[in-house]
Amino acid sequence: MSELTENMPKKNPLSLQIDPKRFEPASEDEKAQQDVMHASTSFFRDGMRKLMKNPLAVASIITIVVIILMILIVPKVVPYGYDEIIRVNGSRDKTVTNLAPFQYSEKEQAAIAAGETIFPHIMGTDSLGRDYFVRVVEGAKVSLSVGLFASILVLIIGVIYGSISGYKGGRVDLIMMRIVDIIYSLPDVLIIILLSVVLNQTLDPNNPIVKALGTNMVAIFVVFGLLYWVSMARLVRGEILQIKNNEYILAAQAMGGKSGHIIRTHIIPNCISVIIITTALQIPSAIFTESFLSFMGMGVQAPMPSLGSLANSARQGLQSYPWQLIFPAVLIVLIVLAFNLLGDGLRDAFDPKLRR
Amino acid sequence: MARYIIKRVLLALLSIFIICLITFFTMNAIPGGPFSGEKALSPAVKAALEARYNLDKPLWTQFWLYMRNMLRGNFGISLKTGREISTTLFTCFKVSAKLGGQALIVAIIIGVVLGCIAALYRNKLPDRIIVFLTTLFTAMPSFVFATFLLLVFCIQLKWFPVWDASEKSLLLPVISLAAYPTAYITRLTKTAMLDSLGQDYIRTAKAKGVRQTGVIFKHALRNALIPVITYIGPELAYILTGSLVVENIFTIGGLGQQFVQSINNRDYPMIMATTIFLAVIMVFCNLLSDIAYSIVDPRIKLEA
Amino acid sequence: MVLEQKLENGVEPILKVVDLHTSFSTDKGEVQAVNGLSFNLTPGKTLGIVGESGSGKSVTSYSIMRILEGNGKITGGHVYFNGEDITQYSEKQMAEFRGREISMIFQDPMTSLNPVYTVGNQICEAILLNTKANKEEAKKEAIEMLELVGINDAEKRFKQYPHELSGGMRQRVMIAMALVAKPKILIADEPTTALDVTIQAQILELMMELQKKLNMAIIIVTHDLGVIAQMADEVVVMYGGRICERGTADDIFYRPCHEYTKGLLRSIPNVDNMNEKLIPIEGTPINLLDLPKGCAFCARCTKTMKICMEEVPPELRMPADGHLASCWLNVKEGNYVLDEEVSD
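Chains as they are written, first to last, in the numbering used here: chain L, 1 to 356; chain H, 357 to 660; chain R, 661 to 1004.
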């Protein structure tokens, strides 16, 4: 029993001078104050708040914005073209090749001595005497655009395919998902290489699209369109299968809503977060693939630079001009890193269950 | 489980068939036969040659013939070297398999160990270091890392010879190939471990008196390895494609270098054979990891 | 006779929980899941802990076993097992203690068994850990245990994986696994919640049968007053991590002295109110992140007084039957006795 008295309240309630007023019933308001509830926030605002609280995601957004600003501003400010071999006062200069960052060629030094202002070569020049800074920025533009367009392509095909498969269900779903299974098991890079080899020989070089992009780029986009959408399609399908079983879809159907209408107004808004996150994570993966192919010499058509092809051509002079490799390489890593972290941040903020 | 495996094998065979189909027909879409590039041949000689290599037959017949020969291990003859493609493929494959195999093993072992450490020291210093490294390495293409290694260790520090075809120093290529998969497996293991450690059966194990180490290694890790095993297939595909550039950077005479060379040489039979060969390996590895998955996870038996 | 005498009848309690505090650190702050909990458990008896979700009843049982999640910690109080304070045990001592002296079974038998090992493997593991048996003996023992918990065809089940068994069967396996070392106490955390009603009764019966056979004490944690009525000798009613009321099952069911307990009893059907409308407890369970200064139940209580919101009510002995309740209303109405006044 000794244990018990220990358990008992130390203060004997009888010895307390209890004010009878305190035993009066409490008002509803007073009670309500005790009932602490957390304010409800909208899904989007809550997600944005979480995203903005994630320092890595914010840093990534800043990095991406800075790179995009660079792409927009640099060509306007720097007086060299990405495919332009630098001339000093209209004449060629043999010493302008492979300059180190902020170094000037002999003729340029002479011109500076003569009182002219020459825009510095912030990252030096390449082996042909082109300004490397402009080329790297242009390369970043190409790599980023490839990433963006490829992701949009993936987005469109994946969402359409996935939503049809998920919405129709049954046999259609079964067959469509078998096709996805097969495509999923195909080795993508090999097929890109194969296609670019073949398209190099078969495409009409005068076709305006081919002319602008080069056959390899066309091959890359064809393959993205053919192969890369499968994971998006799978995700969207899974999400839709889940949403489809909710009552409000049944209600919409009962009221005679058409399939397309239901998909657009009810289903897509509900799986939008999955779609956005997957797209954000698709961009770095496309940039990865493009730079890999360009590095193998199967990417963009010269003289157009991409970060991968710049890194590739830097290999020849690796011993003497290592910075020619370092600049594009660091930029690739930075871009991919930023998009990866942003994608992760979006996922954590908007759809934690996607976390794997 | 038998049903599951049969299904996977059938799917793999179908994929291989489709790859052969795509490869064969796209390669044949290239204008000009294999003999059009060489010096002008008289029509009679050309016809004789085409008959000799069955090029006069319809495309589908050619395809079946190609498939039949392939099953016998005959991929035809290289346009460039005139040697049997299968011999070249086999020699190169040995080199690549050694490199890829080492990279695979390194990636799995280091990845799983680091992943466990990160999970067990969650939000502490070791975890933060590991997270930093994995984030960095998953953003670094293998060619960037490989050239950096080359730059630092071969050119600046001169620890390894730069252009060395001998197999003595597979160290740098293995590291550069394994970096990305290691980082990925680390992340995968960490999330899987955290997930597994939060499961009810871990609580059960603790409640019945299993020690900390037993809980981690017997109960949590076994379950956490399931996603790692499913990743082995894609990982191998990554290593194979990665070896295309890494072998070139370090001038290792494996399949990757062979493949790039044949592309530059427009050696079409060689390209075709290498593509099919690599694709078959990838599909096969996917199949193996699927089967391994069904062994590790007994629940798979119920599905199919 | 007061509560303790009725229950213990002169026997020293096997488990004494004294002023237990447990909290979880989360991003949003400290969640105080258990706030000063005390009770005793008599050998061979059944204690029921009842409360709604978030009342801290499961956390209490995890705290006793010291198997809280990574961010959870016992922040105060003691747990005495046979007079030894197990909160002071090292992690290693605790691992030996678990499964041997106190075992536990859980709510969801679907997820509580490791999916990648066979049932036999998991039971044998428990036997090898907690007894001196070798592998062969362990297997024999495991099959015997499976038979003991009423699983037919034990040899076959031994080799099966958890997903191949039904929910009820899995819970039987869990019980078999918990009892291999003949523990003194079995803690059952919502053992029947995830099961069909017919299976529920079977599992409860099995537990009572095994309790008699092995002479063990049971702590059953549940929100189901029906289960409590069927099983428990003593009942602890929890709300917001504190005890509202504790007493024998009869005390609690027939003479509740806390507004929360009364509310609970009004909200479920029984013989007396069969033809009346059931009265739910209004409001939502409290937020453990910021507990009210006073009684945890004050925001939902129909008879809240000013003091309820300011001060935690003391645990007082009820004059009618000697059970304990913590409600200011009893103070207001003078409905309590002091221990000094209690005589046999």
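Note that beta-carbon positions come from the ideal geometry of N, C-alpha and C, so glycine has one too.
Computed from a predicted structure; not experimentally measured.
Checklist entry - What are the residues that DSSP puts in a beta bridge with L:P25? => result Under the DSSP definition of a beta bridge, L:P25 partners with R:M965.
Checklist entry - Does H:I748 have its Cβ less than 7 Å from a Cβ in chain L? => result Outside the shown range of chain H, which is 357 to 660, sits residue 748 of chain H, and nothing can be said about it.
Checklist entry - How many whole angstroms separate the CB atoms of R:G827 and R:A854, which I take to be in contact at a CB cut-off of 8 Å? => result 6 Å
Next on the checklist: Cutting at 6 Å between CB atoms, please list the residues of its own chain near R:Q831, excluding the five before and the five after it.
Outcome noted: P769, I863
Next on the checklist: Excluding the 5 residues flanking L:D366 on each side, which residues of the same chain have their C-beta closer than 6 Å to its C-beta?
Outcome noted: The displayed coordinates of chain L run from 1 to 356. Any statement about residue 366 of chain L would go beyond what the structure contains.
Item to check | Proximal residues, the region 550 to 566 of chain H versus chain R, C-beta separation under 9 Å | outcome: L553, G554, Q555, D556, Y557, I558, R559, T560, A561, K562, A563, K564, G565, V566
Checklist entry - Start and end of the beta strand (DSSP E) containing R:N695? => result 689 to 701
Item to check | Cα-Cα separation between R:L967 and R:M891, rounded to whole angstroms | outcome: It is worth fixing the name first, because residue 967 of chain R is Ile in this sequence and not Leu. About 36 Å.
Checklist entry - Taking Cβ-Cβ distances shorter than 9 Å, what residues in chain R pair up with L:P25? => result K963, T964, M965, K966
Item to check | Nearest-angstrom Cα separation, counted from R:K819 out to H:I647 | outcome: Computed Cα separation, rounded: 21 Å.
Checklist entry - When the Cα atoms are used, what is the spatial distance from L:E3 to H:K564? => result Because the pLDDT of L:E3 is 41, which lies under 50, any placement of that residue in the model is unreliable, and the number read from its coordinates should be weighed accordingly. The alpha-carbon atoms of L:E3 and H:K564 are separated by roughly 30 Å.
Checklist entry - Based on Cα-Cα distance, which residue from R:F699, R:G886, R:E894, R:P952 lies nearest to R:N930? => result R:G886
Checklist entry - What residues in its chain sit with their C-beta under 6 Å from that of L:A150, if we drop five residues either side in the sequence? => result F224, A286
Next on the checklist: Is there a Cβ of chain R sitting closer than 7 Å to that of H:E659, yes or no?
Outcome noted: Because H:E659 carries a pLDDT of 45, less than 50, the predicted location of this residue cannot be relied on, and the following value inherits that uncertainty. Taking Cβ atoms only, chain R never reaches closer than 7 Å to H:E659, which makes this a no.
Checklist entry - Regarding R:K717 and the ligand MG, is the C-beta to nearest heavy atom distance less than 6 Å? => result Questions concerning the ligand MG fall outside what the structure shown contains, since it holds no ligand whatsoever.
Checklist entry - Interface residues of chain H around R:D687 at Cβ under 7 Å? => result Here the premise fails: no neighbours, minimum Cβ distance about 12 Å.
Checklist entry - If you draw a straight line from the alpha carbon of L:M52 to that of L:I62, how long is it in whole angstroms? => result 12 Å
Checklist entry - Taking Cβ positions, are L:G129 and L:V96 nearer each other than 7 Å? => result yes
Item to check | Residues of its chain near L:L99, where Cβ-Cβ distance is below 6 Å and the 5 sequence neighbours each way are ignored | outcome: H121, G124, T125
Next on the checklist: Comparing C-alpha positions only, which one of H:L366, H:A576, H:L445 sits nearest to H:G554?
Outcome noted: H:A576
Item to check | chain H within 7 Å of R:Y821, Cβ atoms only | outcome: yes
Item to check | Helix, strand or coil at L:H261 according to DSSP, with G and I counted as helix | outcome: helix
Checklist entry - For the region 980 to 990 of chain R against the region 714 to 728 of chain R, are there 3 or more C-beta pairs whose distance is under 8 Å? => result no
Checklist entry - Helix, strand or coil: which one does DSSP assign to R:R977? => result strand
Checklist entry - Thinking just about the alpha-carbon of each residue, which of R:E804, R:H823, R:L846 is nearest to the one in R:E815? => result The shortest C-alpha separation from R:E815 is found at R:E804.
Next on the checklist: In this structure, how does DSSP classify L:E3 when only helix, strand and coil are distinguished?
Outcome noted: Caution applies to L:E3, whose pLDDT of 41 falls short of 50 and renders its modelled position unreliable; the value that the coordinates give is listed next. Here L:E3 sits in helix by DSSP.
Checklist entry - Quick one: does R:S1003 have its CB under 7 Å from some CB of chain H? => result Because the pLDDT at R:S1003 is just 47, under 50, the model does not fix this residue reliably, and the value given afterwards should be weighed accordingly. It does not: the Cβ of R:S1003 has no partner Cβ on chain H nearer than 7 Å.
Item to check | Close-in-space but distant-in-sequence residues of the same chain around L:G343 (CB under 7 Å, 5 per side omitted) | outcome: Excluding residues within five positions, the ones whose Cβ falls inside 7 Å are I277, A280, L281.
Checklist entry - On the three-state DSSP scale, how would you describe H:D623? => result The three-state secondary structure of H:D623, taken from DSSP, is coil.
Item to check | Own chain partners of L:G166 with C-beta closer than 6 Å, once the 5 adjacent residues on each side are dropped | outcome: R237, I240, L241
Checklist entry - If you scan the region 400 to 442 of chain H from start to end, which runs of the alpha helix (DSSP H) of 4 or more residues do you find wholly inside it? => result 415 to 427
Checklist entry - Starting from H:R559 and walking both ways along the alpha helix (DSSP H), at which residues does that stretch end? => result 556 to 563
Checklist entry - Name the chain H residues that come within less than 7 Å of R:G616, Cβ to Cβ? => result Shown here, chain R extends from 661 to 1004; a query on residue 616 of chain R therefore has no answer.
Checklist entry - Looking at R:R760 and R:N790, is the spacing between their C-beta atoms short of 7 Å? => result Against a cut-off of 7 Å, the Cβ pair of R:R760 and R:N790 comes out as a contact.
Checklist entry - By the 10 Å Cβ neighbour count, where 16 or more other Cβ atoms means buried, how is R:H633 classified, buried or exposed? => result Chain R is shown from 661 up to 1004; residue 633 of chain R falls before or after that span and cannot be answered.
Checklist entry - Between L:A311 and L:F295, which are expected to be in contact by the criterion C-beta below 8 Å, what is the C-beta distance as a whole number of angstroms? => result 6 Å
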